[in-house]
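Top to bottom, those sequences are chains H and V. The opening residue of the first sequence carries number 1 in our numbering; numbering runs sequentially from there. The opening residue of the second sequence carries number 92 in our numbering; numbering runs sequentially from there. Ideal placement from N, C-alpha and C gives every residue a C-beta, glycine not left out. The structure displayed is predicted, hence computed values, not measured ones.
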Amino acid sequence: MMLIPCPWCGPRNEVEFHYGGQADVACPRDPDAVSDAEWARFLFFRANPMGAFTERWMHRAGCRRWFTVRRDTVTHEIRPVGAEQERAVTV
Amino acid sequence: MSGSFRLAEGGRIDRDRPVAFRFEGRDYQGCAGDTLASALLANGVHQVGTGIRHGRPRGIASAGAEEPSALVQIVKPFPEPMLTATTVELRDGLEAHGLPGQGRLAADPDPARYDAMHAHCDVLVVGAGPAGLSAALAAARAGARVVVADADTEFGGGLLGSGELLDHAPAADWVRRVTAELARGPDVRLLPRTTVFGHYDGNYLVALEDRGPDALTRQRTWHIRAREAVLATGAHERPLVFADNDRPGTMPAGAARTYLHRYGVVAGRRAVVFTTDDGAYPAALDLWGAGAEIAAVVDARPEAPPFWARRCAEARIPVLPGHAVVGTSGEEHVTAAHIAAFDPDSGTIGAADPQACDLLLVSGGWNPAVHLYSQAGGPVAFDGAAGAFLPAGSVPGVHPAGAASGLRTTAQCLSSGAVAGVQAASRLGLEAAAAPRPETDAHPVPKGRPLWRVPDPDTEAPGARQFVDLARDATVADIGRAVGAGLTSVEHIKRFTTVGTGHDQGKTSGTLSTGIIAELLGTDPSEVGTTTFRAPYTPVAFAALAGRERGDLYDPVRVTAMHDWHVGHGAPFENVGQWKRPWYYPRRGEDMEAAVLRECRAVRTGVGMQDVSTLGKIDVQGPDAAAFLDLVYTNMMSTLKVGRIRYGLMCTADGMVFDDGTVMRTGENRYLLTTTSGNAAHVLEHLEDWLQTEWTHLRVHLTSVTEQWATIALAGPRSREVLARVAAGIDLDNAEFPFMSWRNGAVAGRRARVCRISFSGELAFEVNVPWWHGRHVWEALYEAGGPFGITPYGTETMHVLRAEKGFPIVGQDTDGTVTPQDLGMGWAVSRKKADFIGRRSFSRPDTARTDRKQLVGLIPAAGEGVLPEGTQLVETRVLPEPPVPMLGHVTSSYRSAVLGTPFALALVRGGRDRIGQTVYGHVGDRLVPVEITDPVFYDKEGARRDG
Chain H
1 MMLIPCPWCG
11 PRNEVEFHYG
21 GQADVACPRD
31 PDAVSDAEWA
41 RFLFFRANPM
51 GAFTERWMHR
61 AGCRRWFTVR
71 RDTVTHEIRP
81 VGAEQERAVT
91 V
Chain V
92 MSGSFRLAEG
102 GRIDRDRPVA
112 FRFEGRDYQG
122 CAGDTLASAL
132 LANGVHQVGT
142 GIRHGRPRGI
152 ASAGAEEPSA
162 LVQIVKPFPE
172 PMLTATTVEL
182 RDGLEAHGLP
192 GQGRLAADPD
202 PARYDAMHAH
212 CDVLVVGAGP
222 AGLSAALAAA
232 RAGARVVVAD
242 ADTEFGGGLL
252 GSGELLDHAP
262 AADWVRRVTA
272 ELARGPDVRL
282 LPRTTVFGHY
292 DGNYLVALED
302 RGPDALTRQR
312 TWHIRAREAV
322 LATGAHERPL
332 VFADNDRPGT
342 MPAGAARTYL
352 HRYGVVAGRR
362 AVVFTTDDGA
372 YPAALDLWGA
382 GAEIAAVVDA
392 RPEAPPFWAR
402 RCAEARIPVL
412 PGHAVVGTSG
422 EEHVTAAHIA
432 AFDPDSGTIG
442 AADPQACDLL
452 LVSGGWNPAV
462 HLYSQAGGPV
472 AFDGAAGAFL
482 PAGSVPGVHP
492 AGAASGLRTT
502 AQCLSSGAVA
512 GVQAASRLGL
522 EAAAAPRPET
532 DAHPVPKGRP
542 LWRVPDPDTE
552 APGARQFVDL
562 ARDATVADIG
572 RAVGAGLTSV
582 EHIKRFTTVG
592 TGHDQGKTSG
602 TLSTGIIAEL
612 LGTDPSEVGT
622 TTFRAPYTPV
632 AFAALAGRER
642 GDLYDPVRVT
652 AMHDWHVGHG
662 APFENVGQWK
672 RPWYYPRRGE
682 DMEAAVLREC
692 RAVRTGVGMQ
702 DVSTLGKIDV
712 QGPDAAAFLD
722 LVYTNMMSTL
732 KVGRIRYGLM
742 CTADGMVFDD
752 GTVMRTGENR
762 YLLTTTSGNA
772 AHVLEHLEDW
782 LQTEWTHLRV
792 HLTSVTEQWA
802 TIALAGPRSR
812 EVLARVAAGI
822 DLDNAEFPFM
832 SWRNGAVAGR
842 RARVCRISFS
852 GELAFEVNVP
862 WWHGRHVWEA
872 LYEAGGPFGI
882 TPYGTETMHV
892 LRAEKGFPIV
902 GQDTDGTVTP
912 QDLGMGWAVS
922 RKKADFIGRR
932 SFSRPDTART
942 DRKQLVGLIP
952 AAGEGVLPEG
962 TQLVETRVLP
972 EPPVPMLGHV
982 TSSYRSAVLG
992 TPFALALVRG
1002 GRDRIGQTVY
1012 GHVGDRLVPV
1022 EITDPVFYDK
1032 EGARRDG
């Protein structure tokens, strides 16, 4: 059971969180300006690395805020990312 | 006297407290402090059960949790299947019998209680032997919050069974002193009888505390989050493999030593000791000292260790270096060991000479218990000198110590434990120092020479009686067959031979099988590796894992304000998420079908009422609420006037229908959304995701108000008359209060918001009142409807009525692959809005296909019954050769009172172009003809909604 550092509530058990997959997958600003292939890439394609992965979590049973962490997919070691990235994927 | 193999004194059992027990139908006596195994050995009983595949007699092959063969079924005081005799505490009245390799669940329900405990600590010490106690002492003295867990009934670990001296006094005195100091510590929790069975991410360890049949809760599962974990889990002695090595009376040398020192039991009168490791010698000498005759110490190494050879000579114990035990005699009990000259370098054996004995002790060295370390992600590496896999590398916050890290002497274990305790405390920023180490025996560090198996004198079926895994009855010959079949991976060979898959998960057989596989493949054990060390370390009952979370407490149950009324009126309930919803209200003698047809008829011709409080409700507030809703719904919400309601459809970004419901504008900057009952939490999360990560500029707040509003649907042509009787202040006239609008007012004297929404196509109202008043208003409406024959109806009738109108239910008629256009709801997709979630995907080539599956109606041929939901639809009257092209499937299917025929909704490829065609439903082994129709079966023009 991972101990996930919620930037708002502190470290909490994994069961309190909802996983959000790869972080920094921004919705294209103008969807009509991208090709079908590019749109499909936004919808369906995600990285699946062995090692460091930047991903999103939501503290469902706590503050209900989405945030971003960097997790090693092998060791499950989690490090917070910079404060400006914790709070939102894109602004 | 509790058995003729019990010494008059010594051991940690209480001879003044005899314990009567029954085994295999015979009465025996043991002592308080015995295990079932030690009590049986005290009575000269070695055979416990039989092997799982070959039925051969099996005995006691350890003194602890690693036991591979002494399986027992407990009958009394509490039926338990398949425990190891070596870990069952002897109790008065205990009744047990041996097992043929596997147990049976008791037929009686389990009356015991189980519970869960949660703890946080600075340092968790697993194992309370010399290493664990030293670590705990160092950490506790540094001021750390410490938890010490040990599987045994008392602390001390290996010290309890070795007869060693610490500071010139019995080691148990030191154990008692340290335990007492720890117990006095303000932040120390001691957990005896507690097996840590799993080590998970972030030092989350799970343990089982066995509190015994007399405790209020029999077992407790501990969930411990530790900042640092010291793993002082000890080691298991490795057997040696030779022909007929499974006969009862054969056990590891260290186990016999434990039975002697801990339980005052000499396991045999005349013993042969077979070893490749120095560690067996003290066991031989201790047994000799206790009066047993040692027929020989057979050492497979060319030379015996000089220190121990000298001690044996003093005791006149014959030592045979360069020899091996190659076989045994006996049936239920070993009667002789067959000793032959052996050259470990060439692997040749001489002629065997039987040596009479009733106890055969073996030692192939020690395997550190690296299970938890490996589960924590720690790598293990094969050590050629030890012949075992030892912890390698490091895991932050995890400290293997003592025998678990491959150390052999008590002095080493004490030191390494202290170091681990100091390191753990230091990592926490505490100032720690190791206490002075107690003085120990000055024996040389034991050495060994790894040996997995000796040659089999049986040349006709070599290896067939050389047992590697006693729990699975797997032999050298079995592994040979696996390797012969071309398998080289230890994981594949495990599955082929089942070696290591027994209740003990290969604690004593794992490294052995790796060694034998390596020999057969002509490679090194380090190349072969180990199988994965998975939790649980020892078997755990499901009841203990479930704890109190069973029956009514298994999962939260959500009920509405009117729930007790529904129960009182005989409704069975349907589970919708965690909600209990009334399914239908059967009258006396009615089955479900009759009740539902009656309820449907009442709504279509008179008036019915339904509790719809479970619909999800989200309050949306903020200056950008309208802009936000335009982005999340496919249709326009900003143009909705205050006081009006609009149906809304939500998609995910891929353009697939995600949820639907109504949107009520309650103010300039305020809306109330409803969602489907089972999807409310998901919708809220979906909306929050977009708000927090994509549209952070929007000033909008979302609040779940599902449980703030109790909601009653009043449906049917007489609904207006019923409502009028209790809502005199609200003008219910069609012109004043049109369809898809809402009004505030009093209903049955309670503040209410009344909506004109219909999910049945009939004239209908939804009355929303504060949850607290739900029951009162429900009863008032029921009473007001009495003269009109008002009929409460459940979810089944609601489903039939909406299906007759072709209204899809998200999650039943959709499955995440269905677009609004597929549902024929293109009318709900705005063409005016610049953007909304899912819009871009509608022009993706796959989404824009014209032959997608579309929602249609189905009418089975006359005389056919209701089609099962999920029925596959095919094009032809006769099934062609597979693969059969599928057209689609039935998503909803009911009997209809108003249509007079069964009907269904279905998703069918290119379905709208097939209206009027006949296709076939595959039901059982028949193909049922069905006609494809428009999905709206009833009141297509919508004439009934205004009454």
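Closest to residue i by C-alpha separation, out of the options, would be which residue?
{"i": "G836/V", "options": "S849/V, E857/V, A826/V, S851/V", "result": "E857/V"}
{"i": "W869/V", "options": "M727/V, T982/V, D549/V, W800/V", "result": "W800/V"}
{"i": "G218/V", "options": "E186/V, P283/V, R275/V, G184/V", "result": "P283/V"}
{"i": "G1043/V", "options": "K671/V, V179/V, L964/V", "result": "Since the first residue shown for chain V is 92 and the last is 1038, residue 1043/V is missing from the structure and cannot be characterised."}
{"i": "A626/V", "options": "G620/V, V461/V, A573/V", "result": "V461/V"}
{"i": "L127/V", "options": "H777/V, D107/V, P148/V, I165/V", "result": "I165/V"}
{"i": "Y676/V", "options": "P200/V, R689/V, G668/V, G293/V", "result": "R689/V"}
{"i": "R761/V", "options": "R117/V, T784/V, I736/V, P673/V", "result": "I736/V"}
{"i": "I440/V", "options": "G468/V, Q514/V, A391/V", "result": "A391/V"}
{"i": "G739/V", "options": "D751/V, K732/V, T730/V", "result": "D751/V"}
{"i": "R922/V", "options": "A415/V, D721/V, D125/V, L706/V", "result": "D721/V"}
Per the DSSP calculation, residue i is bridged to which residue(s)?
{"i": "Y119/V", "result": "F112/V"}
{"i": "G661/V", "result": "Paired residue(s): none; G661/V is not in a bridge."}
{"i": "Q945/V", "result": "V999/V"}
{"i": "P673/V", "result": "F664/V"}
{"i": "D750/V", "result": "M741/V"}
{"i": "S420/V", "result": "A427/V"}
{"i": "I881/V", "result": "Its beta-bridge partners do not exist; DSSP assigns none."}
Is there a C-beta anywhere in chain H that falls below 8 Å from the one on residue i?
{"i": "D615/V", "result": "no"}
{"i": "A744/V", "result": "yes"}
{"i": "P936/V", "result": "yes"}
{"i": "Q783/V", "result": "yes"}
Using a Cβ-Cβ cutoff of less than 8 Å, which residues in the same chain neighbour residue i once the five nearest sequence positions on both sides are dropped?
{"i": "V191/V", "result": "Here residue 191/V turns out to be Pro, not Val, going by the sequence shown. Answer for P191/V: G140, T141, G142, I143, G146, listed in chain order."}
{"i": "L872/V", "result": "M700, I803, L805, V813, L814, V817, V838, A839, V858, I881"}
{"i": "Q1008/V", "result": "E1022, I1023"}
{"i": "W39/H", "result": "P28, P31"}
{"i": "S138/V", "result": "For clarity, residue 138/V is Gln in the given sequence; the question names Ser instead. Answer for Q138/V: P148, R149, G150, G189, P339, E423, H424, listed in chain order."}
{"i": "T696/V", "result": "G807, P808"}
Take residue i and list the residues in its own chain whose beta-carbon comes closer than 6 Å to its own, dropping the five residues that flank it on each side.
{"i": "D278/V", "result": "R236"}
{"i": "A88/H", "result": "Reliability of the predicted coordinates at A88/H is poor, the pLDDT of 43 falling under 50, and the value obtained from them is presented with this limitation in mind. Contacts found: none."}
{"i": "A576/V", "result": "none"}
{"i": "G497/V", "result": "P459, A477, L481"}
{"i": "G101/V", "result": "G355"}
Just to confirm the assignment, what range does the alpha helix (DSSP H) spanning residue i have?
{"i": "M683/V", "result": "683-696"}
{"i": "R44/H", "result": "Note that residue 44/H is Phe in the sequence shown, not Arg. Unbroken alpha helix (DSSP H) run through F44/H: 36-44."}
{"i": "D721/V", "result": "716-723"}
{"i": "A479/V", "result": "Run containing A479/V: none in the alpha helix (DSSP H); it sits in the beta strand (DSSP E), 479-482."}
{"i": "D780/V", "result": "771-784"}
Less than 7 Å between C-beta atoms, sequence neighbours within five positions excluded: which residues of the same chain meet that for residue i?
{"i": "L775/V", "result": "I709, L793, S795"}
{"i": "E300/V", "result": "L282, R284, T285, Q310, R311, W313"}
{"i": "A326/V", "result": "W457, N458, P459, A460, A494, A495"}
If we cut at 8 Å on Cβ distances, does residue i have a partner in chain B?
{"i": "Y295/V", "result": "Going by chain labels, chain B is absent from the structure shown, which instead holds the protein chains H and V."}
The beta strand (DSSP E) that contains residue i, what's its start and end?
{"i": "H18/H", "result": "18-22"}
{"i": "F365/V", "result": "361-366"}
So, is the C-beta of residue i closer than 8 Å to a C-beta in chain V?
{"i": "M1/H", "result": "yes"}
{"i": "V81/H", "result": "no"}
{"i": "P31/H", "result": "yes"}
{"i": "R70/H", "result": "no"}
{"i": "T40/H", "result": "Correcting the residue identity first, residue 40/H is Ala in this sequence and not Thr. It does; some Cβ of chain V falls within 8 Å."}
{"i": "C94/H", "result": "Chain H is shown only over 1 to 91; residue 94/H falls outside these bounds and no answer can be derived."}
{"i": "M145/H", "result": "The question about residue 145/H has no answer, for chain H in this structure spans 1 to 91."}
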